[in-house]
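Peer 1: In order, the protein sequences belong to chains A and B.
Position 272 of the first sequence, counting from 1, maps to 272 under this note's numbering, and the rest follow consecutively.
Position 51 of the second sequence, counting from 1, maps to 1051 under this note's numbering, and the rest follow consecutively.
Every residue gets a Cβ at the ideal spot worked out from N, C-alpha and C, and that includes glycine.
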Amino acid sequence: MAEGTLRRTPLFEEHKALGARLVPFAGWEMPVQYEGIKAEHEAVRTRAGLFDVSHMGEVAFRGAQAEEAVQRLVTRDVSRLAVGQTGYAAVCLPDGGTVDDVLVYRTPEDFLIVVNAANREGDLAHFREHTQDLDVEMVDESDDWSLLALQGPEAAAILQRFTGTNLPEIGYYRYEVGEVDDRYALISRTGYTGEDGFELYVRPDDAAEVWRKLTKAGATPTGLGARDTLRLEAGMCLYGNELDRETTPLEAGIGFAVHLNKPVEFVGQEALRQEKEEGLRKKLVGFEVEGRGIARHGHEVTVDGETVGEVTSGTLSPTLNRAIGLALVRPEVEDSFEIIIRDKAVAAHAVGLPFYKREAKERSC
Amino acid sequence: MSVPGELQYTKTHEWVRIEGETATIGITEHAQDELGDVVFVELPEEGRTLDAGDSFGAVESVKAVSDLYAPLAGEVIEVNGTLGDNPEKINEDPYGEGWILKLRVSGEPDLLSAEDYEKLLEQAE
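This is how it looks when you write it as structure tokens:
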């Protein structure tokens, strides 16, 4: 894509002023790092970091059959979501392959689905295709929202200075509509880092001022580079790496977001039910590299010289200082295997996910 | 970005210091800045003979891998073993403690002057 056609978030000038390295990402010009990935990663683990994730898309579902439409489109049973609650879910093809992974918010009138930037258009086409017979209005509200993620053990204390909403009352995967710095905000206790924190949906015109206030109060500007190492340590999937149209949510290890006994059949449900009965075609494993080297996306996984899978994500974990990663491998693969790192077979072993888990006490504010 | 005048350079952002038959090689300040935090360096074995342009190892940051290319032909006589435990030296001191290897030069080098390398960087801006 030519650079001139890249989209910019309302925080673009803030990033430039901070000296961010801006790179093309899913059609957007986004900050990959400011000071450095390691320093930003550590800031989120020990204090608080602030991310601009305004490239994410938001689609509102309204109308008499909005719930039925959402039920049909996502793997989670959203009838069990109360107003004020949000749930992680997958969107599947009829064959079970994954179109996207999303957050579903139940709002007083309707639903809001938050989608990955790269999938926004594909999702909308998929949503429309499968709900043509329903009385539902789908509105792409992506341009009406900016999204800031404030993450880390000090996130709640920092945010509380700018809002009248009583943050300790917002449970994990819950949200409140309120104000931040006297500006309209949906305050959601969610994130993609493995830390306590909030995702703040604000109006684009307010985003820069909220960003400046929160960074001034101590949140470290954090780029997409650290977002990736943080989510990987937390064992969270990234669409395009662990999840794609050839991989089902069961295979990618997010079965917890798949409710096979929903009252309304969802697209892909039969295929997933069948895969569950017959056994997975591949499975996601977390691993640690034993030898020297860092496994990366696309590296082959082998056992006795035979290819048994592929690394979906890999990095040097800044917190653990070890080379970690995720791989999709054949279901029969056991705990020891090799990864072909730059033409050399390097020993690796499976480890339980997540690689990093915060201490429970850090979650309360 | 610092580009010391006494060194020579390659288009692939290595620097070379030639002293007699010995060439000390590292990556430039620009290269380490582009990479970000260096977390792993793959070094060749001592005694290996390289042709100009041969890939002899790699520098990895949290995010990316960058191949290293021999700026000139020669035999590897020493590698900077301290990079194993302290790869960040490449970020902190790319022209000093962050050097990567030493070659006994065997061919006629074809390298860029500091001035030419600076022009290359300006063009890339």
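Please classify P1094(B): is it buried, with 16 or more other beta-carbons within 10 angstroms of its beta-carbon, or exposed?
Peer 2: For the purposes of this step, residue 1094(B) is identified with residue 94 of the second sequence, where counting begins at 1. That one is buried.
Peer 1: So, is the C-beta of T86(A) closer than 8 Å to a C-beta in chain B?
Peer 2: For the purposes of this step, residue 86(A) is taken as residue 86 along the first sequence, with counting starting at 1. Chain B, which has no Cβ nearer than 8 Å to the Cβ of T86(A), makes this no.
Peer 1: Would you mind sorting Q269(A) into buried or exposed? The rule is 16 or more other CB atoms within 10 Å of its CB.
Peer 2: Taking the first residue of the first sequence as position 1, residue 269(A) is located at position 269. Answer is buried; the Cβ neighbour count reaches 16.
Peer 1: Can at least three beta-carbon pairs, one atom from the segment 56-65 of chain A and one from the segment 127-135 of chain A, be found at a separation below 8 Å?
Peer 2: Because the criterion of three Cβ pairs below 8 Å is met, the segment 56-65 of chain A and the segment 127-135 of chain A touch.
Peer 1: D1037(B) touches chain A at which residues, Cβ-Cβ below 7 Å?
Peer 2: In the second sequence, counting from the first residue as 1, residue 1037(B) sits at position 37. Residues of chain A passing the Cβ test: G36, I37, K38.
Peer 1: Taking a contact to mean a Cβ-Cβ separation below 8 Å, would you say A1023(B) touches V1079(B) in this structure?
Peer 2: Taking the first residue of the second sequence as position 1, residue 1023(B) is located at position 23. Taking the first residue of the second sequence as position 1, residue 1079(B) is located at position 79. No, Cβ-Cβ distance for A1023(B) and V1079(B) is not below 8 Å.
Peer 1: Buried or exposed for P221(A), please, with buried defined as at least 16 other CB atoms from any protein chain shown within 10 angstroms of its CB.
Peer 2: As a working note, residue 221(A) is residue 221 in the first sequence. By the 10 Å Cβ count, P221(A) comes out buried.
Peer 1: Figure out for me which residue from E1019(B), E1021(B), D1067(B), I1027(B) has the closest Cα to the Cα of S1002(B).
Peer 2: The count along the second sequence starts at 1 and reaches residue 1002(B) at position 2. Of the listed residues, the one whose Cα sits closest to S1002(B) is I1027(B).
Peer 1: Using DSSP with H/G/I as helix, E/B as strand and the rest coil, what is L1024(B)?
Peer 2: Taking the first residue of the second sequence as position 1, residue 1024(B) is located at position 24. The residue you asked about is not Leu; residue 1024(B) is Thr in the sequence shown. Strand, per DSSP.
Peer 1: Quick one: what's got a C-beta closer than 8 Å to L320(A)'s C-beta in the same chain, skipping five residues either side?
Peer 2: To locate residue 320(A), count along the first sequence from 1; it is residue 320. Taken in chain order, the residues that qualify are E233, F355, Y356.
Peer 1: Have a look at W1015(B) and P1109(B) and give me their C-alpha separation to the nearest angstrom.
Peer 2: For the purposes of this step, residue 1015(B) is taken as the residue at position 15 of the second sequence. For the purposes of this step, residue 1109(B) is taken as the residue at position 109 of the second sequence. Answer to the nearest angstrom: the Cα atoms are 12 Å apart.
Peer 1: Among V1076(B), E1088(B), L1103(B), D1116(B), which residue has its Cα nearest to the Cα of G36(A)?
Peer 2: Within the first sequence, numbered from 1, the residue matching residue 36(A) stands at position 36. The shortest Cα separation from G36(A) among V1076(B), E1088(B), L1103(B), D1116(B) belongs to E1088(B).
Peer 1: Between T98(A) and the rest of its own chain, which residues show a CB-CB distance below 8 Å, the 5 nearest in sequence each way excluded?
Peer 2: One-based indexing of the first sequence puts residue 98(A) at position 98. Correct list, in chain order: A90, V91, C92, Y239, L243, D244, R245, T247, T248, P249, A252.
Peer 1: Where does K282(A) land, buried or exposed, given buried means 16+ other C-beta within 10 angstroms?
Peer 2: Taking the first residue of the first sequence as 1, we reach residue 282(A) at position 282. That one is buried.
Peer 1: Would you report the Cα separation of G1036(B) and E68(A), rounded to the nearest angstrom?
Peer 2: By one-based count along the second sequence, residue 1036(B) stands at place 36. By one-based count along the first sequence, residue 68(A) stands at place 68. The alpha-carbon atoms of G1036(B) and E68(A) are separated by roughly 47 Å.
Peer 1: Is the beta carbon of R163(A) sitting closer than 8 Å to the one on G178(A)?
Peer 2: Mapped onto the first sequence, residue 163(A) falls at position 163. Mapped onto the first sequence, residue 178(A) falls at position 178. According to the sequence displayed, residue 163(A) carries Thr and not Arg. Contact flag set, yes.
Peer 1: Please check the pair L214(A) and I158(A), which I expect to be a contact at CB under 8 Å, by giving their CB distance rounded to whole angstroms.
Peer 2: For the purposes of this step, residue 214(A) is taken as the residue at position 214 of the first sequence. For the purposes of this step, residue 158(A) is taken as the residue at position 158 of the first sequence. Contact holds; Cβ gap of about 6 Å.
Peer 1: Identify which residue in F287(A), I254(A), E199(A), H259(A) has its Cα closest to the Cα of D335(A).
Peer 2: Residue mapping note: residue 335(A) aligns to position 335 of the first sequence, counting from 1. D335(A) has its Cα closest to that of F287(A), out of F287(A), I254(A), E199(A), H259(A).
Peer 1: Since K235(A) meets chain B, which of its residues come closer than 9 Å, beta carbon to beta carbon?
Peer 2: Within the first sequence, residue 235(A) is the residue found at index 235, counting from 1. It is Gly, not Lys, that sits at residue 235(A) in the sequence shown. None at all; the shortest Cβ gap to chain B is about 18 Å.
Peer 1: Looking only at C-alpha atoms, which of E1060(B), A1114(B), E1118(B) sits nearest to S317(A)?
Peer 2: Within the first sequence, numbered from 1, the residue matching residue 317(A) stands at position 317. That would be E1060(B), whose Cα lies nearest to the Cα of S317(A).
Peer 1: So with Cβ pairs under 8 Å, would you call R342(A) a contact of chain B?
Peer 2: Numbered from its first residue, the first sequence carries residue 342(A) at position 342. For R342(A), the answer is yes, since a Cβ of chain B falls inside 8 Å of its Cβ.
Peer 1: Excluding sequence positions up to five away, which residues of its chain have a Cβ less than 7 Å from the Cβ of A1124(B)?
Peer 2: The sequence position of residue 1124(B) within the second sequence is 124, counting from 1. So the list is empty, once near-sequence residues are dropped.
Peer 1: Taking the DSSP output, what are the residues bridged to M30(A)?
Peer 2: Counting from 1 along the first sequence, the entry for residue 30(A) is found at position 30. Bridge partners of M30(A): V23(A).
Peer 1: In the DSSP assignment, what residue or residues form a beta bridge with D244(A)?
Peer 2: Position 244 of the first sequence, counting from 1, holds the residue named residue 244(A). DSSP lists no partner for D244(A).
Peer 1: For H1013(B), which residues of its own chain have a beta-carbon under 7 Å away from its beta-carbon, when the five flanking residues on both sides are left out?
Peer 2: For the purposes of this step, residue 1013(B) is taken as residue 13 along the second sequence, with counting starting at 1. For H1013(B), where only same-chain residues beyond five positions count, the Cβ hits under 7 Å are I1027, T1028, H1030, A1031.
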